[in-house]
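Heads up, the thing below is written out as structure tokens.
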Amino acid sequence: MNTQSDPDGRGANRDWRFRCGVALFALMIAKILAMPLMALSSMPPARAAAISGAIFVTNKFLLLLIVAVMGKEGFQELKRILGSYLPALKRDGPVGPTRHLIGVVMFCLPILSAILSPYVDYFWPGLMPGGWILQIAGDLMLIASFFVLGGNFWDKVHALFIRNARVVDVTDHSP
54 MNTQSDPDGR
64 GANRDWRFRC
74 GVALFALMIA
84 KILAMPLMAL
94 SSMPPARAAA
104 ISGAIFVTNK
114 FLLLLIVAVM
124 GKEGFQELKR
134 ILGSYLPALK
144 RDGPVGPTRH
154 LIGVVMFCLP
164 ILSAILSPYV
174 DYFWPGLMPG
184 GWILQIAGDL
194 MLIASFFVLG
204 GNFWDKVHAL
214 FIRNARVVDV
224 TDHSP
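Under my numbering, think of the first position of the sequence shown as 54, with each following residue one higher.
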């Protein structure tokens, strides 16, 4: 059923929030792709490293903003679009304990790395030459963690940005 406000029949998934989330996602990918170009340019290595570090850290926050803007519906639409290119992403069943643990590690490790990276660079300069490769891997790991953790995880992250959101524990506590 197509309406005037919904010409493609996809519901609210293509509203301004989805388009804004996709634009922010494209910006994040563009920033990642700019990192190797900076390394190959005539830019002083210290400046390229500083800018790469800033990109790495800000991309983590940008990804959380994308999640907040898009919400679950946007995630499902993005997953459907990406799933047409990557068939393995189409599965969206319940997340078991092992998959959840792997997803949480994939989610937390890049964020922790981004937080500690400036301190490691300060106390041990030159410890990680070519660190931008690890930063790109961390960004990709963080993005992949949302797919590993499933659609319900998007709701949990989205709830962080809703002031009056409440946690409801649905596990069975019977003896």
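Ideal Cβ positions, reconstructed from N, Cα and C, are used throughout, including at glycine.
- A check of alpha carbon separations from Phe-160 across Pro-147, Gln-129, Gly-203 identifies Gly-203 as the nearest.
- In the DSSP assignment, Leu-213 falls outside any alpha helix (DSSP H) and carries neither an H nor an E.
- The three-state secondary structure of Gly-106, taken from DSSP, is helix.
- Minimum Cα-Cα distance from His-153 among the listed residues Leu-135, Tyr-138, Asn-205 corresponds to Asn-205.
- For Val-173, the enclosing alpha helix (DSSP H) has its first and last residue at 150-176.
- For Val-75, the uninterrupted alpha helix (DSSP H) run begins and ends at 69-93, by DSSP.
- With respect to the 8 Å criterion, Lys-113 and Ala-167 are classified as neighbours on the basis of their beta carbons.
- Here DSSP, grouped into helix, strand and coil, assigns Pro-147 to coil.
- Ile-108 is positioned such that its CB atom lies no closer than 8 Å to that of Gly-74.
- The C-beta separation of Val-122 from Leu-77 comes to about 7 Å, placing the pair in contact by the 8 Å criterion.
- By the neighbour-count definition (other C-beta atoms within 10 Å, threshold 16), Phe-214 is an exposed residue.
- Here DSSP, grouped into helix, strand and coil, assigns Arg-100 to helix.
- In the three-state DSSP reduction, Val-220 falls in the coil class, being neither helix nor strand.
- Nearest C-alpha to Pro-171 among Ala-87, Ala-103, Val-223: Ala-103.
- In the structure shown, Gly-203 adopts coil according to DSSP, grouped into three states.
- Contact between Ala-92 and Ala-101 is confirmed by a C-beta separation of about 6 Å, below the 8 Å threshold.
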